[in-house]
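Only one structure is covered here, and it is reproduced in the block below.
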Amino acid sequence: MVGMTTTDDAARPARGDGTTRHFTVHHDGVTIPVSRGGRGRPLVLCPGLNSTQADLRELIALLRRDHEVIAFDLRGHGVTSSAAGRYRFEAFLSDLGAVLAEVGRLVPSTPPLLVGYSLGADLAVHHASEHPDAVAGLVLVDGANPLPEPFVSEADLAEFLALAEDLAARRESLLTAREIHDLNLEIDLVRSGILDRYRKIDRPVSMIMSTSIAGDSAEGRAPRHNRLWRAGVERLVREWPHVATHWLDADHRLVFTHARDVARIIRTH
């Protein structure tokens, strides 16, 4: 069951764009914190794994100059997050669906532009493929890439588990290292079949991708992963040349290091 509670005493100024309103969506046993502020056409921003509204605050502030931005935290993320019984792709997808259902109630006349970062991009494509009339278009930031082969190879497993352990130690989410690692492997599987999802979307799609998702080192795993990342986008564009593609000279942190560039491209969608 989806419910909404507006927290008026949490409202605060939104850098010249009026008031930011905070409310929660209760769904599947978790409480999802949502913020809404800005002016212009509605935009829903879906974060990625181990990222939150607070992390994306610079990008959100920039987008609010031209959009009414609805941002939220996925289950297990954010300072007000609540623990959940499952942290799998389908569970996160249901969180996005619950937020968009509430947005549809709040702004019934105008489907929002859906922007997803990393895992959030994959969630956006899956939701739009199942509910094409629910969104005005998609902007996918460094995710939803139809990779021709798994990003995490057998040789990468130990290193990716170590990265997951480092992320878990930072306590940026409630997920354990094993849950983060398993989710990364699941995302690889999801991306192996995501081309079929694109075939079901009849809305404008833009991609904002990093040229060096794994960093700019000439050694280790970075060269293979960077080549594979570009090959996935090229594979998509060969089949769907109408997809607008923008490359930024950055790694996977582009929403933080290149927020102004990302916002500028989103405004042109």
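Here the sequence shown is numbered in full-length UniProt numbering, starting from 1 and rising by one per residue.
Beta carbons: idealized from backbone N, C-alpha and C, even for Gly.
No experiment lies behind these values; they were computed from the predicted model shown.
Query	Result
Does the Cβ of residue 242 have 16 or more other Cβ atoms within 10 Å, making it buried, or fewer, making it exposed?	exposed
Considering only DSSP beta bridges, list what residue 68 is partnered with.	38, 42
To the nearest angstrom, how far is it from the Cα of residue 215 to the Cα of residue 143?	16 Å
Under the rule that 16 or more other beta-carbon atoms within 10 Å means buried, what is residue 229, buried or exposed?	buried
Compare the C-alpha of residue 264 against each of 61, 179, 145, 186 and name the closest.	61
Is the number of C-beta pairs between the stretch 38-52 and the stretch 119-129 that are closer than 8 Å three or more?	yes
Between the C-alpha atoms of residue 108 and residue 201, what's the straight-line distance to the nearest angstrom?	21 Å
If you measure between the beta carbons of residue 135 and residue 93, is that distance less than 9 Å?	no
For a quick check, are the C-beta atoms of residue 179 and residue 87 less than 9 Å apart?	yes
Just to confirm the assignment, what range does the beta strand (DSSP E) spanning residue 137 have?	137-141
Assign residue 73 to one of two classes, buried (16 or more other C-beta atoms within 10 Å of its C-beta) or exposed (fewer than that).	buried
The alpha helix (DSSP H) that contains residue 101, what's its start and end?	89-106
Please name the residue or residues paired with residue 203 in a DSSP beta bridge.	DSSP output for residue 203 lists no bridge partner at all.
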